[in-house]
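This report refers to the structure that appears directly beneath it.
Protein chains: 2
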Amino acid sequence: MSEFNNFFKSAFSVDNVIFGFDEGDLKILLIKRGADPFSGMWALPGDLVYPNEDLNTAASRVLEELTGISDVYLEQVQTFGAVNRHPLGRVITVAYYSLININKYMVTAASFAQKAKWHSISTVKALAFDHNQILSACFDLLKQRVRTRPLGFELLPLKFTLTALQHLYEAILETELDKRNFRKKILSMNLLIDLEEAQEGVAHRPAKLYKFDSDRYEKLVKDGFSFELKESKKKMLLENS
Amino acid sequence: MSEFNNFFKSAFSVDNVIFGFDEGDLKILLIKRGADPFSGMWALPGDLVYPNEDLNTAASRVLEELTGISDVYLEQVQTFGAVNRHPLGRVITVAYYSLININKYMVTAASFAQKAKWHSISTVKALAFDHNQILSACFDLLKQRVRTRPLGFELLPLKFTLTALQHLYEAILETELDKRNFRKKILSMNLLIDLEEAQEGVAHRPAKLYKFDSDRYEKLVKDGFSFELKESKKKMLLENS
DNA sequence: CTTAATCGTGTACTTTATACACAAATATCG
DNA sequence: CGATATTTGTGTATAAAGTACACGATTAAG
């Protein structure tokens, strides 16, 4: 045990890429740093992990302190530990992404103090530390996940239209999808419940509302079902000599 | 800076699941622990990360010290940091897997002292710490990767037969593949170079030897090619009510 | 020369992906 | 109240990919 205390140790933290979807746009929550290093720059929300706290717990805590939301979808992505990634000393950070329904977002004391703000992912500029790299790893993983797991629903309100769902996928995958093919594919999975309600307050033909049937999804998975959305636009196949 | 020194810190390590393929069997390299905790049990090779060492470097070092092999395929998988995963104190560990050509494996002083031994993945029993959980995460990722990246070749000698390649895939995916379909698919990617040589020393019709064309792969990837091996056996589709 | 073992190959069928256009429904405005 | 603007919801034909399946050819050994 005394030997253990002689081991080299480092500080370690979690950083969390918090995704939300609003106005057809994929967004992430950033905070403006108030202190050095990188004072004044935008950064991913994160914190040091407490001595008696698991990693996932720390990531959830960061999210809840900032947004007031608990019980969210959260996944570990990758750990960044380059020797010089933090100017003050060795800090290893474990990156997570989480998906929240942006309507549940509350301005908490923490988010107010830290000047948290939603940024469209397409307009994010230089971030503090190696956070651009972390963001990019998280976004890449999200793109992959959204094609193989029914995660999109985490970002939408309980009731949503098929058009909203399609726009969400388009924002995440950064591609356009064909309306008819998208609907055919999604509906063929039998994972959506037609609520037999219509959208209200729109100045045109209102769309039908659906919700995600998570019970049915669990059941299907047990029977070997696997969610897959492979749709893409055209292929450009180059000739193989 | 003095504030930084007051942060809670923990020891951190890397653990490495080293895969090899031999005699039609997927294997991993384990070491027998000589000291408490878990003295006498098999464990994944790993070590504490040095103060001025990046994570990937540490994982490579562990592998090279043990096997004498450098320049191997290595990928970070997941970080395990449960509060009580290590009996002596808080230790966060970053899990990696690596793929080596088992014929290059040398018994080094380190592997000898640590009683390193190859174990068929199907016969691995209880390991020290949370290493079964780590192994399982790494094996799962390997299964996924091998379908979407041409990694199999890392585990084979430079020259190999299509049958050997198929057996490798079957060992990793834990499924049987159809010979004709497998060959059709692999050959259609134009990633193999027919060496116009035959196997020697076998008591039956010798198979042709191939090697992987990594230059061509790089080129194809730039043109948007993506490796995919989706092959599986039958489907069991259960009725959707 | 017979035997035993593995190699190498093609085709028909099923499933999935892709491309594409227009009438129906509603709110708004004059 | 009728015309206009907007978005919804739907089907079919074609192309590509996945799956099932059997046997003659080639070699070494005896």
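Just so you know, the protein sequences line up as chains A and B, in that order. Quick note on our numbering: the first sequence kicks off at 1 and runs consecutively. Quick note on our numbering: the second sequence kicks off at 1001 and runs consecutively. Idealized CB from N, CA, C, for every residue including glycine. Keep in mind that this is a model prediction, so the values were computed, not measured.
Neighbouring residues, chain A, relative to residue i (Cβ below 8 Å)
i, result
"GLN1166(B)", "Those within 8 Å of GLN1166(B) in chain A number zero; the least Cβ separation is about 22 Å."
Residue i versus the options, residue with shortest Cα-Cα distance
i, options, result
"LYS180(A)", "LEU162(A), THR108(A) and LEU220(A)", "First, the amino acid is wrong: residue 180(A) is Arg here, not Lys. Comparing Cα positions, the closest option is LEU162(A)."
"ASP993(B)", "LYS1184(B), ASP1213(B), PHE1182(B) and GLU1176(B)", "The structure shown does not extend to residue 993(B), since chain B spans only 1001 to 1241, so no value can be given for it."
"GLU197(A)", "LYS185(A), ILE186(A) and TYR210(A)", "TYR210(A)"
"GLN1076(B)", "TYR73(A), ARG145(A), PHE80(A) and ASN84(A)", "PHE80(A)"
"LEU99(A)", "ARG183(A), ALA113(A) and LEU141(A)", "LEU141(A)"
"LEU1220(B)", "HIS1204(B), LEU1191(B) and GLY1201(B)", "LEU1191(B)"
"ILE1172(B)", "GLU1064(B), LYS1143(B) and LYS1032(B)", "LYS1143(B)"
"VAL72(A)", "LEU229(A), LEU155(A) and HIS167(A)", "LEU155(A)"
"THR67(A)", "LYS115(A), ILE134(A), SER120(A) and ARG147(A)", "LYS115(A)"
"TRP1118(B)", "ILE1031(B), LYS1208(B) and ASP1130(B)", "ILE1031(B)"
"ASP1215(B)", "PRO1051(B), PRO1150(B) and GLU1065(B)", "PRO1150(B)"
"GLN1078(B)", "ASP1178(B), GLN1133(B), VAL1107(B) and GLU1065(B)", "GLN1133(B)"
"PHE1227(B)", "SER1039(B), LEU1165(B), LYS1185(B) and GLU1200(B)", "LYS1185(B)"
"ASN1084(B)", "ALA82(A), MET106(A), GLU65(A) and PRO51(A)", "PRO51(A)"
"HIS131(A)", "GLN199(A), GLU3(A), VAL202(A) and ALA82(A)", "ALA82(A)"
"SER1188(B)", "PHE1004(B), TYR1217(B), ASN1005(B) and THR1108(B)", "TYR1217(B)"
"PRO1157(B)", "PRO1037(B), GLU1176(B) and GLN1199(B)", "GLN1199(B)"
"VAL1107(B)", "GLU1064(B), LEU1074(B) and GLY1152(B)", "GLU1064(B)"
"LEU74(A)", "GLY152(A), LYS208(A) and PHE129(A)", "GLY152(A)"
Any C-beta of chain A under 8 Å from that of residue i
i, result
"GLY1046(B)", "no"
"THR1161(B)", "no"
"GLN1076(B)", "yes"
"ASN1052(B)", "yes"
"VAL1146(B)", "no"
"VAL1017(B)", "no"
"LEU1238(B)", "Reliability fails at LEU1238(B), whose pLDDT of 38 lies under 50, so the model's placement of it is uncertain and no value is given."
"PRO1150(B)", "no"
Nearest-angstrom Cα separation, counted from residue j out to residue i
i, j, result
"PRO1206(B)", "GLU1231(B)", "26 Å"
"PHE245(A)", "PRO87(A)", "Residue 245(A) lies beyond the stretch modelled for chain A, which goes from 1 to 241, so this question has no answer here."
"GLY89(A)", "LYS1009(B)", "11 Å"
"ASP1025(B)", "TYR1169(B)", "10 Å"
"LYS1159(B)", "LEU1029(B)", "23 Å"
"ARG33(A)", "MET41(A)", "6 Å"
"LEU44(A)", "ILE18(A)", "8 Å"
"PHE139(A)", "ASN1016(B)", "26 Å"
"ALA1110(B)", "ALA1035(B)", "15 Å"
"ALA137(A)", "THR123(A)", "17 Å"
"SER1120(B)", "PHE1225(B)", "34 Å"
"VAL146(A)", "VAL1091(B)", "32 Å"
"THR148(A)", "PHE182(A)", "15 Å"
"GLU1003(B)", "SER39(A)", "16 Å"
"GLY201(A)", "THR175(A)", "29 Å"
"ALA203(A)", "ALA164(A)", "16 Å"
Cross-chain neighbours of residue i in chain B, by beta carbon under 8 Å
i, result
"THR108(A)", "Correct list: empty, because the minimum Cβ distance to chain B is about 24 Å."
Residues that residue i contacts on chain B, provided the C-beta gap is smaller than 9 Å
i, result
"ALA11(A)", "PHE1004, PHE1007, PHE1008, LYS1009 and SER1010"
"LEU55(A)", "THR1079, PHE1080, GLY1081, ALA1082 and ILE1092"
Neighbour flag for residue i against chain B, beta carbons, 8 Å
i, result
"THR175(A)", "no"
"ARG90(A)", "yes"
"ALA82(A)", "yes"
"SER94(A)", "First, the residue type needs correcting, since residue 94(A) is Val and not Ser in the sequence shown. So yes, VAL94(A) belongs to the interface."
"ILE69(A)", "no"
Close beta carbons around residue i, own chain, < 8 Å, minus the five adjacent residues each side
i, result
"ASP223(A)", "none"
"VAL14(A)", "GLY46, ASP47, VAL49, LEU55, ALA58, ALA59, VAL62, THR93, VAL94, ALA95 and TYR96"
"LEU1127(B)", "LEU1030, MET1041, TRP1042, ALA1043, LEU1044 and LEU1135"
"GLU1053(B)", "ARG1061"
"ASN5(A)", "none"
"ASP1022(B)", "ILE1102 and TRP1118"
Proximal residues to residue i (C-beta, below 7 Å), its chain only, five neighbours per side dropped
i, result
"LYS104(A)", "ILE69"
"LYS1125(B)", "none"
"LEU1177(B)", "GLN1166, TYR1169, GLU1170 and GLU1231"
Cβ-based neighbour list, residue i, same chain, cut-off 6 Å, excluding 5 preceding and 5 following
i, result
"GLY1020(B)", "LYS1027, ILE1100 and ILE1102"
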